[in-house]
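Report on the structure given below.
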Amino acid sequence: MKYSKKNKLKYEGLSKNEIYLISRAEYENQKLITREFTSKLFNNNKKTDNILDNLTRKGRLLQIEKGKYFVVPIKAPNQLWMPNEFIAAKYWIGDAPYYIGYFTMYNYWGFTDQIPQTI
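Here the sequence shown is numbered in my numbering, starting from 1 and rising by one per residue.
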């Protein structure tokens, strides 16, 4: 890949290890990463915690619960990105059976402009 100012801006303010974590997660198509995933990459608990804290503070990770983070893609313009609510529900609910329907799907398909209160 040829170096350009545009590429530099995507990584501005990130350390080499922070870039490695985000790049690795994107390469492995990991939308959600865990502390365990990060620990395997760096083999150092203190370094792992520092990287996760720094990326959360910089807006490159969104913490959904202790030890679980959504990765904000490098290609997200100005870091303006939110996870799809249906994917988020999958991670919050886990293996429990569930469905998303009625007003949520009406809103999703544009049949109503009312925004559902719960998901």
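Where a beta carbon is used, it is the ideal one built from N, C-alpha and C, also for glycine.
All values derive from a computational prediction rather than experimental measurement.
Contact set for residue i: own chain, Cβ-Cβ below 8 Å, skip 5 residues either direction
{"i": "N54", "result": "S15 and E18"}
{"i": "Y20", "result": "L41"}
As assigned by DSSP and simplified to three states, the class of residue i
{"i": "L55", "result": "helix"}
{"i": "K66", "result": "coil"}
{"i": "L14", "result": "coil"}
Cα-Cα separation, residue i to residue j
{"i": "Y104", "j": "E65", "result": "Note on residue identity: the sequence assigns Thr, not Tyr, to residue 104. Going from the Cα of T104 to the Cα of E65 covers about 23 Å."}
{"i": "S39", "j": "A89", "result": "25 Å"}
{"i": "N44", "j": "F37", "result": "12 Å"}
Neighbourhood of residue i by C-beta distance below 7 Å, restricted to the same chain and skipping five residues each side
{"i": "Q114", "result": "F103 and N107"}
{"i": "I33", "result": "A25, Y69 and V71"}
Under 8 Å between C-beta atoms of residue i and residue j
{"i": "R35", "j": "T48", "result": "yes"}
{"i": "L61", "j": "L52", "result": "yes"}
{"i": "I93", "j": "I22", "result": "no"}
{"i": "G110", "j": "K58", "result": "no"}
Same chain, Cβ closer than 6 Å to residue i, neighbours up to 5 away in sequence not counted
{"i": "N29", "result": "none"}
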